[in-house]
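Q: Following this message is one structure expressed as structure tokens.
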Amino acid sequence: MTRGPARAANGNGSDAALKDDIRFLGRILGDIVRLNEGAEVFDLVERIRQTSIRFHRDEDRAAHDELDALLGGMDTVQGLKIVRAFSYFSHLANIAEDQDRLRQSRAGMPDGDGPAAGTLDYAMARAATNGLDPDRLAAFFDTARVGPVLTAHPTEVRRKSTLTREAEIARLLDRRDRERPQGEEAAAIEEEVTRAVLTLWQTAMLRRTRLTVIDEVVNGLSYYDETFLTEVPAVHARVEDMLARRAGSTAEARADVASFLKMGSWIGGDRDGNPFVTADVLRTTMRLHTRQAMKFYLAELHELGAELSLSATLVPVSDDLAALAAASPVTPEHQRQEPYRLAVAGIHARMAATAVALDAADAVTRPVPAAPRYADPAGLARDLDIVHESLVANGSVLLARGRLRRLRRAVDCFGFHLAVLDLRQNSAVHERTVAELLEVAAPGTDYLSLDEEARIAVLERELATTRPLVSPFAKYCEETTAEFAIFAEAAATHRRLGPQAIENVIISKTDGASDLLELALLLKEVGLVRPDGTAAVNIVPLFETIADLRAAPQIMRRVFACPAYRRLVASRGEMQEVMLGYSDSNKDGGFVTSRWELYKAETELVACFREAGVALRLFHGRGGSVGRGGGSAYDAILAQPAGAVGGRIRVTEQGEIISSKYANPGLGRRNLETFVAATLEASLLPQPACADLDADMAAMEELSDTAFAAYRALVYETPGFEDYFWASTVITEIASLNIGSRPASRSRTRRIEDLRAIPWVFSWSQCRAMLPGWYGFGAAVTAWRDRHGDAGLDRLRRMYRDWPFFTTLLSNMEMVLAKTSMAIASRYAELVPDEALREAVFGRIRAEWQSSEAALLAITGQTMVLERTPQLARSIRDRFPYLDPLNHVQVEMLRQHRSEAGSDRHLSGIHLTINGISAGLRNSG
């Protein structure tokens with residue numbers, strides 16, 4: 040990938056506006072702090088900020104001692120006020136930056152440079168340049184499937200109340216930007232903003248109780264109201280209009296493209312390590328999904344009926360529309376000559392009946408006459424099509440292109456189920472469940488003692504028989520009973536809402552072909568897999584560790600060789616999804632090796648699936664931080680190996696990334712468009728070609744081997760490293776923070792192997808070492824240059840210039856290094872009581888950080904990190920005066936909390952700092 044041919048929308052024209060917004064919000068917050076807490080607290084905030092700047096810039100020892108004196112002299116109550124002030128400034132700065140991104144998006148690229156990379160405009164322009172006609176593009180969208188999948192991983196530390204107020208401030212800031220009010224109007228908006236900021240200041244930042252799974256479901260559903268239900272249809276409409284313009288079509292001739300953007304969710308279906316996801320929770324989750332969809336449809340139909348006041352005395356209607364109006368149970372005298380209103384009122388009445396039948400009666404908010412329910416979304420879509428076709432045929436195309444168009448698309452995308460809910464469980468649980476079922480049915484099977492091939496043979500025999508394996512007369516253990524109940528509820532959901540409600544069942548920690556067959560057998564017991572070789576869901580292996588990624592192609596070849604499984608794939612349209620885990624592979628092997636093994640696995644899976652004649656759909660389990668696969672989604676998709684996208688991709692959206700991308704509707708649409716644009720470009724358009732890809736891959740293999748050894752030597756082979764980690768980070772305190780329903784560790788040990796990847800990465804982000812996003816790279820490049828000299832460095836520079844994978848690898852690492860502060864991290868290291876251990880481990884971390892940054896600069900040809908992206912550099916740099924103090928306060932509170940004098944107030948203060956630091960970093964988990 041050549042650096043810089045396509046500029047992102049990061050022009051300098053809005054810098055002044057961004058600074059104005061930040062000053063505006065900062066002034067309001069400062070006034071509120073001074074008014075509510077007094078001038079003494081306000082002055083202390085300023086002193087800490089100024090001293091922190093000195094320490095960050097120079098690691099000034101005098102500044103270090105002054106900070107210790109300032110922070111050590113604060114009482115706990117005063118400390119909490121300081122933390123809240125700095126935390127809220129970070130939140131408000133984020134709102135201002137989001138508004139700036141919207142401003143840039145609306146303005147487009149300055150100086151006639153053309154559309155920005157990552158937009159649909161840019162993708163369509165590239166398509167035209169490469170000779171792709173509208174018919175070819177329409178055919179692509181007819182078969183494409185892009186699926187963002189929301190997950191409930193615990194890195195979003197903000198309460199729903201906080202998010203709601205922040206959304207209000209964002210709307211007011213946008214209004215201020217668009218309207219440019221003066222005089223009384225400007226004062227009125229400022230008062231509204233001040234009122235919202237004051238409400239934030241006087242609202243508790245933290246939850247008092249731990250979230251339940253249903254709390255997480257409700258939080259996730261709020262993004263449908265704000266963004267998805269309106270913006271997903273808007274993206275489809277934009278694509279249709281762009282294709283029509285390119286084809287020169289009239290409004291009447293514009294054809295609908297197939298729905299290519301479908302939302303997914305894990306919230307309420309992800310059981311891996313979360314014992315609180317039960318069959319009852321699954322049932323409640325789907326009821327809440329249905330209620331959300333019904334509430335939206337009923338509200339839109341009500342508004343649509345009010346809009347379509349067309350009189351039959353002025354406008355003719357189709358016979359089908361007349362019949363639909365005649366069948367309406369709503370017959371007020373004043374609407375008898377308004378057939379569209381009557382027809383829509385009838386549809387509304389049927390939808391109300393449907394909501395009641397689907398246990399979502401609370402979505403019906405006004406009296407509605409009795410009517411027959413819709414059996415499925417297709418019936419609703421047919422009736423809406425009748426309205427559409429009558430409008431188009433009788434001179435009212437523009438009316439058909441308004442609310443009705445968006446509603447028709449929403450019904451096709453969201454159905455009655457709202458989002459595709461995935462189920463996920465660990466392979467070890469499936470294995471134990473199958474073992475017990477077999478043992479009860481045929482004592483002496485001893486399934487767990489069998490080798491892989493023997494297991495496959497047993498499972499294939501069971502899949503072929505029509506005999507149930509589960510007996511209603513047998514008593515099974517609690518785990519087996521719970522697993523069977525989940526699958527039975529999934530089958531009931533299919534009967535109630537259709538197969539699109541639950542399409543994918545994922546197997547965590549897949550390490551053999553038998554894992555896929557075990558799940559198939561369990562699904563067969565509830566009718567989601569049938570003995571005739573048909574399946575109602577996709578069986579999805581998740582490869583997570585380095586070893587599993589390396590084994591993935593061979594595992595898939597083996598399972599495709601099983602006739603019973605191959606028939607299941609055929610029944611799913613010859614398509615197999617494979618999920619790749621970025622988090623555990625990073626914790627297992629480090630940043631460099633994780634990314635490289637993921638790339639190799641994809642390359643080999645593409646070849647494997649081509650051999651088998653099966654379409655591959657990759658599901659990327661990315662997190663927010665670079666250490667867990669985060670970074671630019673656009674660059675990541677374009678950096679996929681050839682053939683790995685093919686118009687089909689799903690990607691997880693996790694933690695605080697969900698709110699940063701989708702809390703604002705405008706930004707939400709922009710991010711959805713980016714997914715679509717990147718999928719189109721990666722699937723249809725030529726990507727930069729490496730002059731010698733085999734040699735580059737060999738070089739990457741060598742770099743990965745060295746990086747892997749360096750990372751493993753530190754994390755898994757250094758005596759006392761676990762003690763260093765637990766003492767120098769907030770991992771213990773994160774475990775007690777009420778930010779998720781899932782435990783932080785898989786078992787009650789301090790072993791790194793047992794710790795979940797999310798709190799692992801989150802902890803390193805909080806202390807600003809950011810180790811999972813760069814460690815090992817410096818050692819790898821140093822060893823490479825020792826072996827290959829200047830010619831070796833030249834190769835790495837060419838790889839960075841020409842190979843999208845390597846470009847993206849370094850770009851993501853560069854962003855992490857920009858947020859890393861070894862000065863701050865050194866203060867956390869001081870929390871380690873063993874001085875020798877502290878010096879040994881932190882010394883190695885600091886040396887590798889220096890080496891990694893030097894290697895990055897040598898390869899990229901820069902003199903400082905982010906030199907070529909000054910706006911991003913400025914954004915990060917401008918955060919330090921408000922972010923660093925939170926780290927300093929956190930260190931002091933950790934010291935006090937872990938002493939004998941520690942109190943609940945200290946712990947509360949630590950939790951507040953976690954909130955603020957997470958906001959300041961934006962992608963920390």
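Numbers given in the working numbering equal positions in the sequence shown, counted from 1, plus 39.
Every residue gets a Cβ at the ideal spot worked out from N, C-alpha and C, and that includes glycine.
Helix, strand or coil for Q374, going by three-state DSSP, please let me know.
A: Mapped onto the sequence shown, residue 374 falls at position 335. If DSSP states are grouped into helix, strand and coil, Q374 belongs with the helices.
Q: Between which two residues does the alpha helix (DSSP H) containing M614 stretch?
A: Translated into the one-based positions of the sequence shown, residue 614 becomes position 575. Unbroken run through M614 is the beta strand (DSSP E), M614 to G620; no alpha helix (DSSP H).
Q: Tell me the rounded alpha-carbon separation between T393 and G812.
A: If you number the sequence shown from 1, residue 393 lands on position 354. If you number the sequence shown from 1, residue 812 lands on position 773. The straight-line gap from Cα to Cα measures roughly 49 Å.
Q: In chain order, which alpha helix (DSSP H) runs of at least 4 residues are fully inside the region 719-767?
A: 732-754 and 760-767
Q: Does the region 731-742 come into contact with the region 833-846, if we say contact requires no fewer than three beta-carbon pairs (one atom in each stretch) closer than 8 Å?
A: Verdict: yes, contact present.
Q: What residues in its chain sit with their C-beta under 6 Å from that of F579, if we drop five residues either side in the sequence?
A: Here the question's residue 579 lines up with position 540 in the sequence shown. Per the sequence shown, residue 579 should be read as Val rather than Phe. Excluding sequence neighbours, V579 sits near N543, I545, E616 and M618.
Q: DSSP on Q679, reduced to helix/strand/coil?
A: Indexing the sequence shown from 1 puts residue 679 at position 640. Note: Q679 maps to coil in three-state DSSP.
Q: Using 8 Å as the threshold, is the C-beta distance between A678 and F844 below it?
A: Start at 1 with the first residue of the sequence shown, and residue 678 comes out as number 639. Start at 1 with the first residue of the sequence shown, and residue 844 comes out as number 805. The answer is yes: Cβ separation under 8 Å.
Q: Would you give the residue range spanned by the alpha helix (DSSP H) that F844 belongs to?
A: Your numbering for residue 844 matches position 805 in the sequence shown. Unbroken alpha helix (DSSP H) run through F844: P843 to K858.
Q: Using CA atoms only, rank isn't needed, just tell me which of R687, A467, G705 and R866 is closest to R210.
A: To locate residue 210, count along the sequence shown from 1; it is residue 171. Cα-wise, what sits closest to R210 is G705.
Q: Among the candidates S743, G662 and E712, whose CA atom is the shortest distance from the CA of A162?
A: The residue labelled residue 162 in the question sits at position 123 within the sequence shown. Of the listed residues, the one whose Cα sits closest to A162 is E712.
Q: Quick test of your reading: G303 and R824, contact by CB under 8 Å. State the CB separation rounded to the nearest angstrom.
A: The residue labelled residue 303 in the question sits at position 264 within the sequence shown. The residue labelled residue 824 in the question sits at position 785 within the sequence shown. Actually they are not in contact, since the Cβ atoms of G303 and R824 sit about 44 Å apart, beyond 8 Å.
Q: From V271, L202, V278 and R444, pick the residue whose C-alpha is nearest to that of R246; which is it?
A: The residue labelled residue 246 in the question sits at position 207 within the sequence shown. With distances taken between Cα atoms, R246 lies closest to L202.
Q: Would you list the residues sitting across from P811 in a DSSP beta bridge?
A: On the sequence shown, position 772 is the one that residue 811 refers to. DSSP lists no partner for P811.
Q: Using the C-alpha atoms, what's the distance from P173 back to A830?
A: Here the question's residue 830 lines up with position 791 in the sequence shown. Here the question's residue 173 lines up with position 134 in the sequence shown. Approximately 46 Å, taken between the alpha carbons.
Q: Nearest by alpha-carbon distance to R708: which of S743, V278 and L397 is it?
A: Along the sequence shown, read from residue 1 onward, the residue named residue 708 stands at position 669. Minimum Cα distance to R708 is reached at V278.
Q: Grouping DSSP H, G and I as helix and E and B as strand, with all else coil, what is L397?
A: The residue labelled residue 397 in the question sits at position 358 within the sequence shown. L397: coil per DSSP, three-state reduction.
Q: Is it the case that the Cβ atoms of P378 and V356 are separated by a distance below 8 Å?
A: Start at 1 with the first residue of the sequence shown, and residue 378 comes out as number 339. Start at 1 with the first residue of the sequence shown, and residue 356 comes out as number 317. Taking the C-beta atoms as reference points, V356 is found nearer than 8 Å to P378.
Q: Buried or exposed for I949, please, with buried defined as at least 16 other CB atoms from any protein chain shown within 10 angstroms of its CB.
A: Working through the sequence shown from its first residue, we reach residue 949 at position 910. Per the 10 Å Cβ criterion, buried.
Q: Would you kindly work out how many angstroms separate the C-alpha atoms of L460 and G307, rounded to a whole number?
A: Your numbering for residue 460 matches position 421 in the sequence shown. Your numbering for residue 307 matches position 268 in the sequence shown. C-alpha separation (whole angstroms): 8 Å.
Q: Tell me where the alpha helix (DSSP H) around H130 begins and ends.
A: On the sequence shown, residue 130 is found 91 positions in, with the first residue counted as 1. Counting along the chain, the alpha helix (DSSP H) containing H130 begins and ends at T115 to A146.
Q: Indicate whether V369 and L360 have their beta-carbon atoms separated by less than 8 Å.
A: Counted from its first residue, the sequence shown places residue 369 at position 330. Counted from its first residue, the sequence shown places residue 360 at position 321. Not closer than 8 Å, so no.
Q: Please look up how many angstroms separate the CB atoms of S466 and D550, rounded, as I've assumed it's under 8 Å.
A: Locating residue 466 in the sequence shown gives position 427, where the first residue counts as 1. Locating residue 550 in the sequence shown gives position 511, where the first residue counts as 1. Sure, about 7 Å apart at Cβ, within 8 Å.
Q: Tell me, please, which residues DSSP counts as bridged to D309.
A: As a working note, residue 309 is residue 270 in the sequence shown. Answer is R463, bridged to D309.
Q: CA-CA distance, M390 and R412?
A: The residue you call residue 390 lines up with position 351 of the sequence shown. The residue you call residue 412 lines up with position 373 of the sequence shown. Roughly 6 Å separates the two Cα atoms.
Q: Check for me: the beta strand (DSSP E) holding A449 runs from which residue to which?
A: Start at 1 with the first residue of the sequence shown, and residue 449 comes out as number 410. It is not in any beta strand (DSSP E) - A449 instead sits in the alpha helix (DSSP H) that spans R442 to F453.
Q: Quick one: what's got a C-beta closer than 8 Å to A56's C-beta in the same chain, skipping five residues either side?
A: In the sequence shown, counting from the first residue as 1, residue 56 sits at position 17. Once the five neighbours on either side are set aside, the close Cβ partners of A56 are D139, R142 and D216.
Q: Let me know if T505 comes out buried or exposed under the rule of 16 or more other beta-carbons within 10 Å of its beta-carbon.
A: Your numbering for residue 505 matches position 466 in the sequence shown. Flag for T505 reads exposed.
Q: Mapping the DSSP letters down to three states, classify E869 as helix, strand or coil.
A: One-based indexing of the sequence shown puts residue 869 at position 830. The answer is coil: DSSP assigns E869 none of H, G, I, E or B.
Q: Cβ atoms of L561 and H456: under 8 Å apart, would you say?
A: Here residue 456 is taken as the residue at index 417 of the sequence shown, counted from 1. Here residue 561 is taken as the residue at index 522 of the sequence shown, counted from 1. Taking 8 Å as the Cβ cut-off, H456 and L561 do not qualify as a contacting pair.
Q: How should A402 be labelled, buried or exposed, when 16 other C-beta atoms within 10 angstroms of its C-beta is the threshold for buried?
A: Here residue 402 refers to the residue found at position 363 of the sequence shown. Result: buried.
Q: Give me, in chain order, the residues of the same chain whose beta-carbon lies closer than 6 Å to that of L430; leave out the 5 immediate sequence neighbours on both sides.
A: Taking the sequence shown and counting its residues from 1, the one referred to as residue 430 is at position 391. Answer for L430: L438 and A439, listed in chain order.
Q: Can you tell me whether DSSP reads E692 as helix, strand or coil?
A: The count along the sequence shown starts at 1 and reaches residue 692 at position 653. The answer is strand: DSSP assigns E692 an E or B state.
Q: Taking DSSP as the reference, what is the three-state secondary structure of A574?
A: Stepping through the sequence shown from its first residue, residue 574 is reached at position 535. Reduced to three states, the DSSP call for A574 is strand.
Q: R330 and A399: beta carbons closer than 8 Å?
A: As a first step, residue 330 must be located in the sequence shown, where it is residue number 291. As a first step, residue 399 must be located in the sequence shown, where it is residue number 360. Yes, Cβ-Cβ distance for R330 and A399 is below 8 Å.
Q: Output the distance between the C-alpha atoms of A365 and R165, rounded to the nearest integer angstrom.
A: Looking up residue 365 in the sequence shown gives position 326. Looking up residue 165 in the sequence shown gives position 126. The straight-line gap from Cα to Cα measures roughly 50 Å.
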